[in-house]
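Undergrad: Be aware that the sequence shown starts at 1, since it is given in full-length UniProt numbering, and climbs by one per residue.
Positions of the beta carbon are idealized from the N, C-alpha and C atoms, including for glycine.
Since this is a predicted model, take the numbers as computed values, not measurements.
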Amino acid sequence: VRFIGWIVAVPVAFIVIAFAIANRTPVGIHFDPLPYELDIPLWAAVIGALAFGFILGALIRWLFDHRWRVEARQGKRHVRALEREISSLTQRLDGAPGGAGEAAK
Numbered sequence: 001v002r003f004i005g006w007i008v009a010v011p012v013a014f015i016v017i018a019f020a021i022a023n024r025t026p027v028g029i030h031f032d033p034l035p036y037e038l039d040i041p042l043w044a045a046v047i048g049a050l051a052f053g054f055i056l057g058a059l060i061r062w063l064f065d066h067r068w069r070v071e072a073r074q075g076k077r078h079v080r081a082l083e084r085e086i087s088s089l090t091q092r093l094d095g096a097p098g099g100a101g102e103a104a105k
C-alpha cells in the first residue's frame, strides 16, 4: 500500500513543481472592500486556494461526521458493558454449586 502511495505521490509532486516553475508571474490579490492588496506568484495563489478548499472541505466533513463518531463511541461503551456482564455471569456460573459452569463449557 505504501508503494502505491509513492507511485501516486511522486508524479503529483513533479506536476506541482513544474506548475510552480512555469507560473512564477506575480498576481495581485485584492481583499475588497478592505484596502489591502497582496502580490504573490500565481502558483502560490492557485496552490493556496486548493489547500484552503481542501482544508475547508475536510473541516465540513468532520463536522457532519460528528453524529457517527458519537454513535461509535456509545456503541463501544455498550460493548464494554456487555463484555463485563458476560464476564461476571461466567464467574457466577463457574462458582455455582454442582459445577454448572463446567457443563456449560
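1) Using the three-state DSSP reduction, which class does residue 50 fall into: helix, strand or coil?
2) With distance defined between alpha-carbon atoms, name the residue in 28, 24, 34 nearest to residue 43.
3) Using DSSP bridges, identify the partner residues of residue 28.
4) To the nearest angstrom, how far is it from the Cα of residue 28 to the Cα of residue 51?
5) According to DSSP, is residue 93 helix, strand or coil?
6) How many angstroms separate the CA atom of residue 56 from the CA atom of residue 93?
TA: If we stick to the structure as given:
1) helix
2) 24
3) DSSP, once it has assigned bridges, lists 39 as partnering residue 28.
4) 19 Å
5) helix
6) Residue 93 has its alpha-carbon roughly 55 Å from the corresponding atom of residue 56.
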